[in-house]
Every structure is written in C-alpha cells, then in structure tokens.
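I have placed the structure first, in the form of structure tokens, so that the comments after it can refer back to it.
In our numbering, the protein residues as written are 6 to 411.
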C-alpha cells in the first residue's frame, strides 16, 4: 500500500468559486466592462448604464467589438447620444420576417388592384382599338400593373443590396393593396368620386426598417434614400414614355380621371411645346403607372416618422436633435404650410387623405427615441456624405414635386 498513487497530492490548487451565481444582467455587465468604463446603472427592464467617457472613434470602435461578442449571446448593444452617453443592451430581434406566402399573396392582390385602377382611370378616354390590346383590362395589366411591380422589384433589390453591403438584412418592398378600387371598377361609384386612384395604399418594407438594427447613421440614411430614388426616377421615365405613346387626339366618352404633371414635367412640356398636359386627359395606362410610383415615393420622402424621409432625417441630424419638441413643432408648421399651399382645406383631394396620416404619425411618434434602431447614434455621418444625402433628397423632392391635384 506504500506504493499507492495519491492523485490528490499532484492536483492543482482548487479554483476559487464565487459564492453566488451571476444573474444574466450581472454577466452582461461583466462583459460590458471589458469594453467600456461603466457608470451609474439606469435601466430597469433592460440593462443600461451611463458611460464615464465621451463620444469619439474609440468608443465607436469598442461598440463594434462589443456587438461582435454579444451577437453570439443573442444580444446587441446600443449607444445613445445623450449627455452623458448611455449604453443599452437589447435582445437580438427574432421572428420579424414575414413568410413568403404572405408576401406573394400581397403582391398578387396588388397586381389585381393596380390593374383595376389603371382600367378605371383610362376607360373613359381609351381608344376603341386599345393601346396594345383590344381588352381594357389587358392594357391596364401590361401598361400599369406590370411596370409598377417591375419598378418595385428593382427598388427592392437595390435597397436590399445596399443594406447588405452595410451589414444589415432587410426585407422586400411589399405593396399594400387598396380593395376600395372595386367600388369604382364595378360601377357602384362614379369616377368623379375617385380620390385615391392608385390601387395601392403604401409601399412599406417588411419587416419595418425602423425595427432593424442599423450599425450607424450613414448606413440608415443611404438605404432610406435608395428605394424612393429608384421609384421617382423610374416613375418619371414611365410618365414621359407614356406621354410619348399618347395620341395627339382621342375621343373622350365620359369625365376622364387624369394625373396632372408636377413641376418638372410641366417645365419639360413648356420647353417642348408638346401640349402634354392637355393630352393627360386621354393618356395611356403607362402614364398611370408613372404617376402612381412617383407620387407614393415623393410622399415617402417627407420627414415623417416611419417614412424613409423620417429615417433620413434621423441619419443626418441624429436622434437627440430630431426627437426634440422644437423640431417636431417646426415639422408640424411645415406640413400645415404645405397643406395651405396645396389647398387641402378648401376642397377634398388626395392631399386630404395624406395630411391626417402625416400629422398623426408626427404627433404620436415624433418624440419616440426608440425608432429607428441605430446602434451607434453618436457616430456622425461624414461631412461629405451628409451634404450628398441632403442634395439628393432635395433634388428628388424637386423633380417629383406634385401638383395640387396629382
């Protein structure tokens, strides 16, 4: 028994065990202290701390490395540009993306409503032989629904590709159909009562882009601009091609539903002396397609919360400046002034439907600092990119500026 080996004699010194197991919050705090100088804890439901450091490139770099570490744990860190800086931890978003069947279903229904909208809008002035087919529905499908959906698909691909290059996964653009067009297509209501003639309500990205985590403000801003830019440029092109296809004269059998050209197209019409504005009364369904995407894209560029223009506003100025009461009051004043210029309060037009939505979103969500979800709100957009974003935004608004009755 003297030669018996005693393993405990060669064992290393025992590890010191903490008398109490860490909670999840304590564990995350321990990981966060590797990257930041944490101050007072300010979060109750979710972990959050004030930082004993100023916003600079070192803090932004630490946030990137911290998020790489948290990603494996199912969490992400958000740095808010308050005074002092606040570091907040959030669970990674899950289950945000719609199933493919829902998306395909919305696109199919939108195809039907767009076709009906094009048919309702052009049947009073459509030539007897048609444009490309003797059937009005076929003309509307080929010259209204397909061009609109093709542009939406292109804009969706461009937006998703740009977001992917910035490290963010976003969903597709999904048109929301307007079933009320059936009332006019069936003849239940006269064409003179048609106020929203587009066949679709809005063109959101699903899931909401505000709810996706954006690494910085620059990535949010450029992605927000991408889809409206494609839609506006493509819509103006469709509008001009549709005008070129419009005959010099036509027989109008009833009150036509026409789209008035905006500032840019009206100027082109004046320079070319082509009487395109007059021929809008019997324009081809392709004009309807261009007018639809141009108008909806222009409205989306307004600085309204949850709109692409609202995300661009946050990207350029930062959450702490955009979500102030003063900024929201200025926006409300600007929208009210625009309503007066577009005669919203004197007659019922399409703007009478747009204005309540714009005002409601601004009042209810204008001070909500949770959205959009920018992980590093302290990192400003580089000066050249800041200027470029603003220039592109202004040019798009001017090019697609609609008339009082678009």
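Yeah, the Cβ is synthetic: ideal placement off N, Cα and C, and Gly gets one too.
Given the structure is predicted, the values throughout are model-derived calculations rather than measurements.
Threshold first: 4 residues or longer. Then list the alpha helix (DSSP H) segments lying entirely within the segment 22-90, N to C.
Runs of the alpha helix (DSSP H) inside the segment 22-90: 29-37 and 62-76.
Indicate whether residue 115 and residue 182 have their beta-carbon atoms separated by less than 8 Å.
The count along the chain shown starts at 1 and reaches residue 115 at position 110. The count along the chain shown starts at 1 and reaches residue 182 at position 177. Against a cut-off of 8 Å, the Cβ pair of residue 182 and residue 115 comes out as a contact.
For residue 390, which three-state DSSP category applies?
Counting from 1 along the chain shown, the entry for residue 390 is found at position 385. In the structure shown, residue 390 sits in a helix (DSSP, three-state: H, G or I).
Go ahead and label residue 293 buried or exposed: buried means 16 or more other beta carbons lie within 10 angstroms of its beta carbon, across all protein chains shown.
Counting from 1 along the chain shown, the entry for residue 293 is found at position 288. Residue burial is scored here from C-beta neighbours: residue 293 has at least 16 other C-beta atoms within 10 angstroms and is therefore classed as buried.
Return helix, strand or coil for residue 247, following the three-state DSSP convention.
Taking the first residue of the chain shown as 1, we reach residue 247 at position 242. Three-state DSSP puts residue 247 in a helix.
So what's residue 365 in DSSP terms, helix, strand or just coil?
Walking along the chain shown from the start, residue 365 turns up at place 360. Helix at residue 365.
Residue 376 (DSSP reduced to helix, strand or coil)
Position 371 of the chain shown, counted from the first residue, corresponds to residue 376. Three-state DSSP puts residue 376 in coil, outside helix and strand.
Leaving out five residues before and five after residue 404 in sequence, what residues of the same chain have Cβ atoms less than 7 Å from its Cβ?
Translated into the one-based positions of the chain shown, residue 404 becomes position 399. Excluding positions up to five away in sequence, the list reads 237, 241 and 269.
So who's on the other strand from residue 381, going by DSSP bridges?
Your numbering for residue 381 matches position 376 in the chain shown. BP columns for residue 381 point to 84.
Paired residues, beta bridge with residue 219 - DSSP:
As a working mapping, residue 219 is identified with position 214 in the chain shown. Note: residue 219 sits in a beta bridge opposite 379.
Go ahead and pull the three-state DSSP assignment for residue 108.
Working through the chain shown from its first residue, we reach residue 108 at position 103. Of the three classes helix, strand and coil, the one that applies to residue 108 here is helix, per DSSP.
Near residue 250, what residues of its chain come up, given a Cβ to Cβ distance below 8 Å and the 5 sequence neighbours on each side ignored?
On the chain shown, position 245 is the one that residue 250 refers to. Excluding residues within five positions, the ones whose Cβ falls inside 8 Å are 136, 289 and 291.
From residue 12 to residue 83, what does the alpha carbon distance come to, in whole angstroms?
Within the chain shown, numbered from 1, the residue matching residue 12 stands at position 7. Within the chain shown, numbered from 1, the residue matching residue 83 stands at position 78. With a pLDDT of only 49 at residue 12, under 50, the local geometry of the prediction cannot be trusted, and no value is derived from it.
With distances taken Cα to Cα, identify the nearest neighbour of residue 197 among 126, 344 and 222.
The residue you call residue 197 lines up with position 192 of the chain shown. That would be 126, whose Cα lies nearest to the Cα of residue 197.
Mind checking residue 109: buried by the 16 CB within 10 Å criterion, or exposed?
Position 104 of the chain shown, counted from the start, is the residue given in the question as residue 109. With fewer than 16 other Cβ atoms within 10 Å, it is exposed.
Output needed for residue 239: all residues of its chain with C-beta closer than 6 Å, excluding positions within five of it in sequence on either side, in chain order.
As a first step, residue 239 must be located in the chain shown, where it is residue number 234. Within the same chain, residue 239 has close Cβ partners 156.
How is the alpha helix (DSSP H) around residue 144 delimited, first residue to last?
In the chain shown, residue 144 corresponds to position 139, counting from 1. That run of the alpha helix (DSSP H) goes 141-145.
When the Cα of residue 162 is compared with those of 178, 150 and 147, which residue comes out closest?
On the chain shown, position 157 is the one that residue 162 refers to. Ranking 178, 150 and 147 by Cα distance to residue 162 puts 178 first.
Proximity of residue 417 and residue 216 at Cβ, strictly below 8 Å:
Here the chain has residues from 6 to 411 only, and residue 417 is not among them.
Which listed residue (300, 295 and 367) has its alpha carbon closest to that of residue 330
As a first step, residue 330 is located in the chain shown; it is residue number 325 there, counting from the start. Of 300, 295 and 367, the residue nearest in Cα terms is 367.
What do you reckon, are the CB atoms on residue 317 and residue 376 nearer than 8 Å?
Position 312 of the chain shown, counting from 1, holds the residue named residue 317. Position 371 of the chain shown, counting from 1, holds the residue named residue 376. Their beta carbons are not under 8 Å apart, which means residue 317 does not touch residue 376 by this criterion.
Would you check if the distance between the CB atom of residue 201 and the CB atom of residue 154 is smaller than 8 Å?
The sequence position of residue 201 within the chain shown is 196, counting from 1. The sequence position of residue 154 within the chain shown is 149, counting from 1. Cβ atoms of residue 201 and residue 154: not closer than 8 Å.
Which residues in the same chain have their Cβ closer than 7 Å to the Cβ of residue 392, if we skip the five residues on either side of it in sequence?
Locating residue 392 in the chain shown gives position 387, counting from the first residue. Non-local C-beta neighbours of residue 392 in its own chain, meaning closer than 7 Å and more than five positions away in sequence, are absent.
For residue 70, count neighbouring C-beta atoms within 10 Å of its own C-beta (all shown protein chains included) and say buried if the count is 16 or more, exposed if not.
As a working mapping, residue 70 is identified with position 65 in the chain shown. Counting Cβ neighbours within 10 Å, residue 70 comes out exposed, since fewer than 16 surround it.
Which residue or residues does DSSP assign as beta-bridge partners of residue 205?
Translated into positions along the chain shown, residue 205 becomes position 200. Per DSSP, the beta-bridge partners of residue 205 are 182.
Going by alpha carbons, who is nearest to residue 185 out of 121, 231, 139 and 248?
Taking the first residue of the chain shown as 1, we reach residue 185 at position 180. The residue with the shortest Cα to Cα distance from residue 185 is 121.
Residue 289, DSSP secondary structure in three states:
Within the chain shown, the letter at position 284 stands for residue 289. DSSP places residue 289 in coil when its eight states are reduced to three.
Determine the burial state of residue 27: buried for a count of at least 16 other Cβ atoms within 10 Å of its Cβ, exposed for fewer.
One-based indexing of the chain shown puts residue 27 at position 22. Exposed: under 16 other Cβ atoms inside 10 Å.
Identity of the residues DSSP links to residue 92 by a beta bridge:
For this step, residue 92 is matched to residue 87 along the chain shown. Beta-bridge pairing links residue 92 to 54 and 84.
Is the beta carbon of residue 47 sitting closer than 8 Å to the one on residue 55?
Within the chain shown, numbered from 1, the residue matching residue 47 stands at position 42. Within the chain shown, numbered from 1, the residue matching residue 55 stands at position 50. Taking 8 Å as the Cβ cut-off, residue 47 and residue 55 qualify as a contacting pair.
Residue range of the alpha helix (DSSP H) that includes residue 326:
Against the chain shown, residue 326 aligns to sequence position 321. Segment 324-327, the alpha helix (DSSP H) holding residue 326.
Look at residue 104 and residue 124 and say whether their C-beta atoms are less than 8 Å apart.
Reading the chain shown from its first residue, position 99 is the one you call residue 104. Reading the chain shown from its first residue, position 119 is the one you call residue 124. For residue 104 and residue 124, no; Cβs fall outside 8 Å.
Exposure label - residue 85; buried when at least 16 CB within 10 Å:
Locating residue 85 in the chain shown gives position 80, counting from the first residue. Classified as buried, residue 85 has 16 or more neighbouring CB atoms from the shown chains inside 10 Å of its CB.
Could you name the residues that DSSP lists as bridge partners for residue 210?
Start at 1 with the first residue of the chain shown, and residue 210 comes out as number 205. Bridge partners of residue 210: 178.
Residue 79: which of 93, 211, 312 and 99 sits nearest, CA to CA?
The residue labelled residue 79 in the question sits at position 74 within the chain shown. Among 93, 211, 312 and 99, the Cα nearest to that of residue 79 belongs to 99.
Would you mind sorting residue 433 into buried or exposed? The rule is 16 or more other CB atoms within 10 Å of its CB.
Shown here, the chain extends from 6 to 411; a query on residue 433 therefore has no answer.
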